[in-house]
Every structure is written in C-alpha cells, then in structure tokens.
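Comments concern the structure below.
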Amino acid sequence: MTTLAKTPAVADPARAARRPLHLRSLLGRAGVYAVLAVAVLTVVFPVYYVFAGAFMRPDEIASYPPAMVPHSVTGDNFSGAVHAIPLVRQYGNSMLVAGLITVAQLFTSVLAAYAFVFLPMRGRSVVFGLFLATLMVPWEAIIIPNYLTLSGWGLGNTYFGLVLPFLASGFGTFMLRQSFRQFPGELRDAARIDGAGHWRFLWRILVPLNKPALAALAIYVFLSSWNQYFWPLIITRTANMQTLQIGLSSLRDSEMADPGLILAGVVLSLLPTLALVLFGQRFIVRGLTAGAVR
Amino acid sequence: MPTASSPPEPRRRLGEHGLAWAFLLPSVVVFALFILYPLGRTFYLSAHANDLFGAPSRFVGMKHYTDLFASADFGRTLVTTGLFVLFTVVPGVLGALLLVLLMESRIRGVRLLRSAFALPFAFSVASASVVFSVFYNPASGVLNGLLSHVGLGPVGWLTDSQYALVSIAISTIWMNLGYNVLVLSAGIGSIPGEITEAARLDGASGLRLARSITVPMLGPSLFFLVVISTVNALQSFGQIHILTKGGPDGATRTLVYSVYEKAFAYGSSDFGTASAQAVVLMVVVLCCTAVQFGVLERKVHYA
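This is the structure:
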C-alpha cells in the first residue's frame, strides 16, 4: 500500500499504455486491427484494381474467378485509350483550364483578401458578408442562366466559356484573409517606414511570407477545377474542347471501349492528382479543413 | 486582427478607399456576372414559360412550382434525393467515426492508415464513377466475379432499380471516406490531451472512453461533417450521369439530375421547369447551410 501511495499520479501516456495486457484487451486489440484492415483493403482495392486492370488483357478482366494480377502485362489499353478519344488534347485542355483558373483565383483572392485586411473601407463587414454569401449558393442551381449567358456571348465550346465563371472565389478570399490577418503588425509598419507602398508590400513581403497558405489554396483550386464535371459537360460540344473528365465519361459510353481501356484512361487521368495527393498532402489537409475549423 | 496603424493624412486615406475597391473589383465583377445575376435570372426563368429553344415566352407566375408539387414524378424525385442523402451521409459519417475512433486506440501505423484513406482524394467524381462502372459491370465486373466465386448470383448493380441508388451511394461513400476521416481526425486532434488522459487514468478505455469523452467532444466536427456531406449529396451529379443517367426507369433521378434532364439532356430546353427545380434545390441547400451557421453562431456566443 505504501509503495502504491508513493507512486505519483503522473499524466504519462506511455505509462498508461504499459498497463499489463489481459486476454480481453488483446482480443479487443486484434478486433481493432481486423476492422481497420478490412477498411483499408476496401478503400485501397479500387485504387489497386485500376492500376492492375489497366495492364490486363480484355479476357483476363472478364475471367472467372476475376484475375487480381495481370498475367502478361500489356500496354495495349493505353494506346487504345489514346486512340479511342482525343485523350492527349483533352489532357491539355484540362491542364490549361485548371491552370488558368488556379492562377486567376489566386490573383483575385489575394487582392480581395488584402483589401479586407489592410485597407480602410466603409461597410467592410457587409461586403465581406456578401463574399461569404457567394459560398452558400449551390452552383448547380444557377448553372442554367450561366449556360445561357456564356452561350449568348458566343463562348460555348471555348476555353473562355470553361474558365470565366471561376475566376474569383469567396472561399479563396476567406482562406487568405484568415492567413493575412495573422501577419505581424510590426512587420507591416516596418515595411511602411521603409517606404513600401501597398502594392510593393503586398507582392514583395506579404505574398512570399504566406506561401504555405497560397500553396494550399492553389492545390485545392487546381484539384477542384481539374475534377469539374457538370459545367464542362454542358458548355463543351466537341470532343476536342472537352476536358479529360468528360473524355473519361465518353470513353465509358463508347461501344468500342472495354474495361481495360477505360481503366488505362483513368490511370492517365490520375497521374497529376495522385502526385498532388501524395506529395502535397500537408497542403491538402490544410485546404480541405479550412472550412471545418473556423 | 488587422493592425491599427497610425492614422495617415486624409488624402492618402481617400486613395486607400479607392484602392480597396479597385482590389475588390475583379472578384465583385465575377460574382455579379456569374452568381448574383444568375440567381435572379433563375427565379425569373422559373416564373416564365419558354418556347422549344428555351427562350422565355410569357409570365406564368407560380405555375411551374404548383405543377411540380402536383406531379407524382417530382415527388418521386424528391424521395430519391432524400434517400440518396440518407444512403451516403449516414454510413459515410458513421463509418468514418468508427475508423477514427479505432485509429485513436493506440495502434501502430496510423500515419500509413491515414495515407491509405487519403488515396481516393486523387479520384475525381468522373474517374471514380467510371472505375465503379467497370466494377459494377454485370458480366465482366469484378464485383459479380467475386460474388459468383462464393456462390452468389449476379447482381444487377446499376440495372436493377432496387440496387442502382445504393450502388451509386457506395461509390460516393468510397470517394468521400478519406475526407470524412480527415475532418474527424482533425477534430480529435483538437480535443485537449489532458481530458483524454484524465479519463484514461480514471480507468476509462475503449468504448467507455469513446462514448463519454471522444464522441461528445467531437460534436462540432461531426455536425460540420453531417451538414457538408448532406450538401454534397444534394449536389451530386457526375456519378449519376456516368453510372445510370437517372435510370433504370427514373430510380436514380435526383433533384440535380432532374434539373439537368429538363434543361440539357436529350435536346430538352425546358428552362422554366428546370429553373423551378433549381430553386427548390437552392432552398433545400440554403436551409442546410442556414442550420449550420445558426448552430455555429450559437456555439461562438456560448464560448
């Protein structure tokens, strides 16, 4: 008893973890691992199968029981996919459109966020409220008038039509405003004393010092533009103007496309996003949870 | 907080006011043209009949709305939309909660698990749906292949109206699981460590810890996730367009898909009816967002 009493009640996580393992908790532990293993397999399997199937011959994919590993690795699916739809061109379209939207949204959001944080303005909170209100309007609900507007301007089936509605973003402004607000006031004053005007301070000091937030926003915007579906589906008419996402969908609908071909197309479309997810995960987490932790 | 800098001379301040508006101008123009104007235009179109090419012809007031709510088809569309929300949000959020709680129970390889769950992020709605269409293929798909391997009959995943909506929901849950796990992990990360440790020292562990500490403390994150998942489900379009085109026999025709069909599919340009449906969609989504803001507002006041 005395020895026990002498032991101080330290809040030491390692100590709590070192409690002796009983059979019950061992079983519980095994259960935890089992459930997690099943979950991981379920989530990862489609990803694995996309890559495996892309290298399988048509008869292999359709075989019973289904093949899990390609027996004779074939690249036919890739060349088939590239020939079935103008995939290279659509790849370029997607890159161009997502790139333009990203650069433009970063630019307009930086300017707007700067105005909200560093410039005097009458009715600032009202205007900012309106910026936030744009986030609440579901794009699908206003897609008809936007289609009519852009077709009316003769911009249907053009790059302008694909990018114009997305050149500014309430979300980007909101996110950068949060980041700019943390900027130390002393640095701002020091720059001002050194004679830096607003423009110079913005691009020479503020933007370079907010690179992580800008990178997070850039990745987020690029991914969501790259992944767009509804708008490019209705605003484009010809295969040459379609984005990769619409191309994938038409690949699935085309008669000549067998599963391997479709999966090969998906593999190609995944390369940039997979790279972003694997190497930019830190930034993605930041961008995706920006709304969650207000 | 914005820095309160020394008050500059009036002329400069006037210039700064101008500069502020100049900086806001690009965003304001885009919002005015592509959000504000279309918002008004949607209401306008919804109150007008249109000719075959979609041009508004005459004012009909609320007729499109009364027609919609009187039609059995639209009722079915609303039910389908509700079911789709139910089928995606409930399992998606509960599944993510279970996984996050399990990952919290001091196991190895949590980082690896997080990376695995993040993989579906790389999939767009189109690529994920196209992949699932390959899985769901009744003859050559891997799902029926595996089922027949264990002696179960082929399932018409997308062709049987009983299963089609569930099949689309499954692919949607797969797509979003990574995001859900991420949000809840961030929420758990923000629970003060002392609280969990204190409970652990008091002998709470496993289920008891989850039920009494973790889940209640996760309340705000869970709530956020439910709202955002609901809004996302309401706006889902790509998976339906790719997997079923609203079929079989309208079994997967949700509100968004119905807007698309009326306005754009099969050469239809019934912008009046479609706009009325778009307004219904907007109202439903805005209600969800309003609930979220209302509750968050309360939370901020109490804090």
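Chains as they are written, first to last, in this note's numbering: chain R, 1 to 294; chain Y, 295 to 597.
Ideal placement from N, C-alpha and C gives every residue a C-beta, glycine not left out.
Open item on the list: Whether or not the segment 95-111 of chain R and the segment 143-150 of chain R are in contact is what I'm after, with contact meaning three or more pairs of Cβ atoms, one per stretch, closer than 8 Å; do they touch?
Closed with: No, because fewer than three Cβ pairs between the segment 143-150 of chain R and the segment 95-111 of chain R fall closer than 8 Å, the two stretches do not touch.
Task: Under the three-state DSSP convention, the category R402(Y) falls into - done: Position 108 of the second sequence, counting from 1, holds the residue named residue 402(Y). R402(Y) sits in coil when the DSSP states are folded into three classes, being neither helix nor strand.
- [ ] Please state if the CB of T583(Y) and the CB of M136(R) are separated by a distance shorter than 9 Å.
- [x] By 1-based counting over the first sequence, the position of residue 136(R) is 136. By 1-based counting over the second sequence, the position of residue 583(Y) is 289. Between M136(R) and T583(Y), the gap from beta carbon to beta carbon is short of 9 Å.
Open item on the list: With DSSP as the reference, identify every bridge partner of P350(Y), one or two as the case may be.
Closed with: Counting from one through the second sequence, the residue named residue 350(Y) turns up at place 56. For P350(Y), which the question treats as bridged, DSSP gives the partners N344(Y).
Open item on the list: Relative to the C-alpha of A264(R), which candidate in A133(R), Y48(R) and S94(R) has its C-alpha closest?
Closed with: As a first step, residue 264(R) is located in the first sequence; it is residue number 264 there, counting from the start. Answer by Cα proximity: Y48(R).
- [ ] With DSSP collapsed to three states, give me the class of L446(Y).
- [x] Stepping through the second sequence from its first residue, residue 446(Y) is reached at position 152. DSSP places L446(Y) in coil when its eight states are reduced to three.
TODO: Please list the residues of the segment 434-468 of chain Y that have a C-beta atom closer than 7 Å to any C-beta atom in chain R, keeping them in chain order.
DONE: Cβ contacts with chain R: S434, V436, G439, L440, S442, H443 and W468.
TODO: Assuming F283(R) and I219(R) form a contact by the criterion Cβ under 8 Å, report the distance between their Cβ atoms to the nearest whole angstrom.
DONE: Residue mapping note: residue 283(R) aligns to position 283 of the first sequence, counting from 1. Residue mapping note: residue 219(R) aligns to position 219 of the first sequence, counting from 1. Between F283(R) and I219(R) the beta-carbon gap is near 5 Å, inside 8 Å, which marks them as a contact.
Task: As assigned by DSSP and simplified to three states, the class of K357(Y) - done: Here residue 357(Y) corresponds to residue number 63 of the second sequence, with the count starting at 1. Secondary structure of K357(Y) (DSSP, three-state): helix.
- [ ] Would you mind working out which of I235(R), V44(R) and F131(R) sits nearest L319(Y), comparing C-alpha positions?
- [x] Taking the first residue of the second sequence as 1, we reach residue 319(Y) at position 25. Among I235(R), V44(R) and F131(R), the Cα nearest to that of L319(Y) belongs to F131(R).
Open item on the list: Let me make sure I understand the geometry here. Which of V553(Y), L440(Y), R408(Y) and N344(Y) has the alpha-carbon closest to that of L372(Y)?
Closed with: Numbered from its first residue, the second sequence carries residue 372(Y) at position 78. With distances taken between CA atoms, L372(Y) lies nearest to V553(Y) out of V553(Y), L440(Y), R408(Y) and N344(Y).
- [ ] Pull up the distance between the alpha-carbon of G161(R) and that of F325(Y), whole angstroms please.
- [x] Position 161 of the first sequence holds residue 161(R). Position 31 of the second sequence holds residue 325(Y). The alpha-carbon atoms of G161(R) and F325(Y) are separated by roughly 15 Å.
Open item on the list: Quick check on R405(Y): buried or exposed, where buried means 16 or more other Cβ atoms within 10 Å of its Cβ?
Closed with: Indexing the second sequence from 1 puts residue 405(Y) at position 111. When all chains shown are included, R405(Y) counts as exposed.
Task: Spatial distance of Q571(Y) from L362(Y) (CA atoms) - done: In the second sequence, the residue the question calls residue 571(Y) occupies position 277. In the second sequence, the residue the question calls residue 362(Y) occupies position 68. When rounded, the distance between both Cα atoms is 8 Å.
Task: Collapsed DSSP secondary structure at Q456(Y) in the structure displayed - done: Here residue 456(Y) corresponds to residue number 162 of the second sequence, with the count starting at 1. Secondary structure of Q456(Y) (DSSP, three-state): coil.
Task: Close beta carbons around F565(Y), own chain, < 7 Å, minus the five adjacent residues each side - done: As a first step, residue 565(Y) is located in the second sequence; it is residue number 271 there, counting from the start. Around F565(Y): L339, N344, G348 and A557.
- [ ] Give me the Cβ distance between L537(Y) and S427(Y), rounded to the nearest whole Å; I'm assuming they're in contact under 8 Å.
- [x] By 1-based counting over the second sequence, the position of residue 537(Y) is 243. By 1-based counting over the second sequence, the position of residue 427(Y) is 133. About 6 Å separates the Cβ atoms of L537(Y) and S427(Y), confirming a contact at the 8 Å cut-off.
Task: Environment of I462(Y) [buried if 16+ CB atoms lie within 10 Å] - done: Indexing the second sequence from 1 puts residue 462(Y) at position 168. It is buried - the Cβ of I462(Y) has at least 16 other Cβ atoms within 10 Å.
Task: Proximity of I142(R) and M576(Y) at Cβ, strictly below 9 Å - done: Translated into the one-based positions of the first sequence, residue 142(R) becomes position 142. Translated into the one-based positions of the second sequence, residue 576(Y) becomes position 282. When the beta-carbon positions are compared, I142(R) and M576(Y) come within less than 9 Å of each other.
Task: Distance, Q456(Y) Cα to P542(Y) Cα - done: As a working mapping, residue 542(Y) is identified with position 248 in the second sequence. As a working mapping, residue 456(Y) is identified with position 162 in the second sequence. Distance from the CA of P542(Y) to the CA of Q456(Y), rounded to the nearest whole angstrom, comes to 9 Å.
Task: Residue interval of the alpha helix (DSSP H) (run including D76(R)) - done: Along the first sequence, read from residue 1 onward, the residue named residue 76(R) stands at position 76. D76(R) -> alpha helix (DSSP H) spans D76 to A84.
Task: For I464(Y) and F51(R), the rounded distance between their alpha carbons - done: The residue labelled residue 51(R) in the question sits at position 51 within the first sequence. The residue labelled residue 464(Y) in the question sits at position 170 within the second sequence. Approximately 20 Å between the Cα atoms of the pair.
Task: Whole-Å CB distance - W226(R) paired with A98(R), under 8 Å assumed - done: Residue 226(R) sits at position 226 when you count from the first residue of the first sequence. Residue 98(R) sits at position 98 when you count from the first residue of the first sequence. Correct: roughly 4 Å between the Cβ atoms.
Task: Option nearest F531(Y) by Cα separation, candidates D496(Y), V425(Y), A420(Y) and S515(Y) - done: Translated into the one-based positions of the second sequence, residue 531(Y) becomes position 237. A420(Y) is the residue among D496(Y), V425(Y), A420(Y) and S515(Y) whose C-alpha sits nearest the C-alpha of F531(Y).
Task: Alpha-carbon spacing of A14(R) relative to A492(Y), whole angstroms - done: For the purposes of this step, residue 14(R) is taken as residue 14 along the first sequence, with counting starting at 1. For the purposes of this step, residue 492(Y) is taken as residue 198 along the second sequence, with counting starting at 1. Bear in mind that the predicted position of A14(R) carries a pLDDT of just 47, short of 50, making it too unreliable to give a figure here.
Open item on the list: Tell me which residues of the segment 234-245 of chain R have at least one Cβ-Cβ distance to chain Y shorter than 7 Å, keeping chain order.
Closed with: Within the segment 234-245 of chain R, the qualifying residues are I234 and Q245.
Open item on the list: Applying the 10 Å Cβ sphere with the 16-neighbour rule, what's the burial state of H83(R)?
Closed with: Looking up residue 83(R) in the first sequence gives position 83. Exposed, since its Cβ has fewer than 16 Cβ neighbours within 10 Å.
Open item on the list: On the CB-based measure, 16 or more other CB atoms within 10 Å of its CB, does H595(Y) come out buried or exposed?
Closed with: On the second sequence, position 301 is the one that residue 595(Y) refers to. In this prediction, H595(Y) scores a pLDDT of 42, lower than 50, which makes its location untrustworthy; no coordinate-derived value is stated.
Open item on the list: Is H535(Y) close to chain R? Criterion is C-beta to C-beta, closer than 9 Å.
Closed with: For the purposes of this step, residue 535(Y) is identified with residue 241 of the second sequence, where counting begins at 1. For H535(Y), the answer is yes, since a Cβ of chain R falls inside 9 Å of its Cβ.
Open item on the list: In this structure, how does DSSP classify A275(R) when only helix, strand and coil are distinguished?
Closed with: Residue 275(R) sits at position 275 when you count from the first residue of the first sequence. Of the three classes helix, strand and coil, the one that applies to A275(R) here is helix, per DSSP.
Task: Among G92(R), G31(R) and G154(R), nearest to S399(Y) - alpha-carbon criterion - done: As a working note, residue 399(Y) is residue 105 in the second sequence. The closest CA to that of S399(Y), considering only G92(R), G31(R) and G154(R), is found on G31(R).
Open item on the list: Between V424(Y), V379(Y) and L393(Y), which has its C-alpha nearest T42(R)'s C-alpha?
Closed with: Indexing the first sequence from 1 puts residue 42(R) at position 42. For the residues V424(Y), V379(Y) and L393(Y), the minimum Cα distance to T42(R) belongs to L393(Y).
TODO: With DSSP collapsed to three states, give me the class of H311(Y).
DONE: If you number the second sequence from 1, residue 311(Y) lands on position 17. H311(Y) carries a helical assignment under DSSP once its states are collapsed to helix, strand and coil.
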